[in-house]
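Below: one structure, written as structure tokens.
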Amino acid sequence: MKNILMPALSPTMEKGNLVSWLKSEGDKIELGDIIAEIETDKATMEVEAMDKGVLGKILVKAGTEDVAVNTPIAVLLENGENPSDIKVDAVADSGNKNDAEPKSVVSAQDPVKNNDVPGSNNGTRIIASPLAKKIASLNNIDLSNVCGSGPNGRIQKADVEVLIGNGSCCSSKSEQPKCTNSFAPISSERDKDGLPPYEFLKLSSMRKTIAKRLVESKQMAPHFYLTVPMEIDELLNLRKVANAAYDMKMTINDFIIKAVAMTLMSVKEANRSWFDGVDVRQYNTADIAVAVAIDGGLITPIIRSAEKKTVREISIEMKDLIARAKSGKLKPEEFTGGTFSISNLGMYGVEQFEAVINPPHGCILAVGAGKETAVVKNGNIQVANVMKTTLSVDHRVVDGAVGAAFLKQLKIFIETPSIMLV
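Start counting the sequence shown at 54; every next residue gets the next number (my numbering).
Listed below in structure tokens is the structure:
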């Protein structure tokens, strides 16, 4: 008899949410079988069985939040053992309270495998939490007319309660994108502090982790910032030619990743990390973490050894990482680590900003939008596309002169991109 423990699916994971069980009590388990889905601080991930046997008892219910790593979540029976042999009081039971609603989370890998019910109108599957289904049943509510505010449109308790309170929500699935009933306002009047009506938005594991890490970064890492404008006309022309030649859609960011990686090989002192005052690590390769916005927060998939890859290879890999990041399918090793970060908000029209350092990285580069700007060349005023880049630096490991040298070399690669191809 063995306890199945809450696994640590990433180096930063301390707790996780048990989204769903993919096996039931009494099911035979083989080595490598997918038995459950766990929501970490970054994504919803599948858990593989490390031993074979029979799932004797589930100790932690699907939907349980904040289960500590190494907490027993189930019991695996081996040959000759029976469920009657299990003594529940001998293992930690981290189940929900009876009146608690399971967390409304659905894995992107299989959004309708659990907690789904048939739609009564058109036979389609409707994703709903157990408590939402129970409340709907007691009130004779057709869930096909309820807007799901959870991940992948999953219907939650609050969604059903809004329909009960308002008497209407969505009359068809086509109207769902217009619904905003994620949580009911607590009041229609201003509160004692003069605040207008508002809603309580539950914090996800990702949002909690982002808040914790950013606060630690700003409190512990002494930030300073350096901004340099860079002309990108040659880069835009090279990108156009390369995309036509390879029938691809390489982005400006793909070229920036390559340029940053090559710059780090030239200005190695910028490729460092601070580790709790114990040591400073000087990296010999450029593992570039790229900020990607996903539902509920931010994740930083990594291009490993980017200095050794072509822009074309970087583009293909980056598109794959972004797609899997947004669908929750990244593996921990694909977003853990890195030596340097890039955050690009240029596609949103942001011209300049200062990014918060992603510990333990020593630097992060904030990239703004390219904009037609009047520049002076040889005494003449000309129009050029100019992109502002701001380097946020941890002064414990990177000095001002090093940061300036990094931006100077990066400017050369960006403004003369053909030399990156040599």
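Even for Gly, the Cβ is constructed at its ideal location relative to N, Cα and C.
### 3 or more residues per run - each beta strand (DSSP E) lying fully within the region 373-447
393-397, 416-430, 433-447
### Query
Hey, out of Q405, P413, K430, whose CA is closest to V420's CA?
Q405
### Message
Using CA atoms only, rank isn't needed, just tell me which of L84, V128, P413 is closest to H276.
### Response
P413
### Task
Starting from G456, follow the alpha helix (DSSP H) in both directions and report where the run begins and ends.
453-468
### Task
Name the residue from G415, T389, T316, A314 whose alpha carbon lies nearest to the alpha carbon of D94.
T389
### Message
I'd like the span of the beta strand (DSSP E) that includes E92, first residue to last.
### Response
87-92
### Query
Nearest to I417 by CA position, among A312, L108, I375, Y278, is which residue?
Y278
### Query
Which residues in the same chain have their Cβ closer than 6 Å to the Cβ of G176, if we skip the five residues on either side of it in sequence?
Since pLDDT at G176 reaches only 46, below the 50 mark, its modelled position is unreliable, and the value read off the structure follows with that caveat. Nothing listed; no residue qualifies.
### Message
Measuring straight from C-alpha to C-alpha, what distance separates P354 and I263?
### Response
15 Å
### Message
Considering Cα atoms alone, identify which of K110, S394, V122, V120 is closest to P136.
### Response
K110
### Query
In angstroms, rounded to a whole number, what distance separates the CA positions of I367 and V128?
44 Å
### Query
Do I352 and A314 have their CB atoms nearer than 8 Å?
no
### Query
Taking all protein chains shown into account, do 16 or more other C-beta atoms lie within 10 angstroms of the C-beta of R243, making it buried, or fewer, making it exposed?
exposed
### Task
Return yes when the Cβ of M54 is within less than 8 Å of the Cβ of I126, no when it is not.
no
### Task
With a 10 Å radius around its C-beta and 16 neighbouring C-beta atoms as the bar for buried, classify M400 as buried or exposed.
exposed
### Message
Measuring straight from C-alpha to C-alpha, what distance separates M473 and V436?
### Response
25 Å
### Query
When we look at the beta-carbon of F253 and count the other beta-carbons within 10 Å, is it buried (16 or more) or exposed?
exposed
### Task
Kindly indicate which residue of G106, L112, D119, T469 has the alpha-carbon position closest to the one of G133.
G106
### Query
In chain order, what residues of the same chain lie with their CB nearer than 6 Å to the CB of D119, ignoring the 5 residues before and after it?
K68
### Query
Of the residues A457, E92, H448, T65, which one's Cα is nearest the Cα of K271?
H448
### Sufficient close CB pairs (3 or more, under 8 Å) joining the region 325-343 to the region 391-398
yes
### Message
Starting from S270, trace the alpha helix (DSSP H) in both directions and tell me its first and last residue.
### Response
258-273
### Query
By a C-beta neighbour count over all protein chains shown, 10 Å radius and 16 as the cutoff for buried, is K384 buried or exposed?
exposed
### Query
By how many angstroms is the C-alpha of I57 removed from the C-alpha of I139?
13 Å
### Task
Tell me whether D169 sits in a helix, a strand or coil according to DSSP, three-state version.
Residue placement at D169 cannot be trusted, given a pLDDT of 44 that sits under 50; the coordinates are not used to answer.
### Message
So for I194, helix, strand or coil by DSSP?
### Response
coil
### Three-state class that DSSP yields for T233 in the structure shown
Confidence in T233 is poor, its pLDDT being 41 and thus under 50, which makes the residue's placement too unreliable to answer from.
### Message
Quick check: V100 and I87, are their CB atoms within less than 8 Å of each other?
### Response
yes
### Query
Can you name the residues that DSSP bridges to G350?
I347
### Message
On a Cα-Cα basis, can you pick out the residue from M98, K461, A427, A408 that is closest to A274?
### Response
A408
### Query
Between the beta-carbon of K441 and the beta-carbon of T280, is there less than 8 Å?
yes
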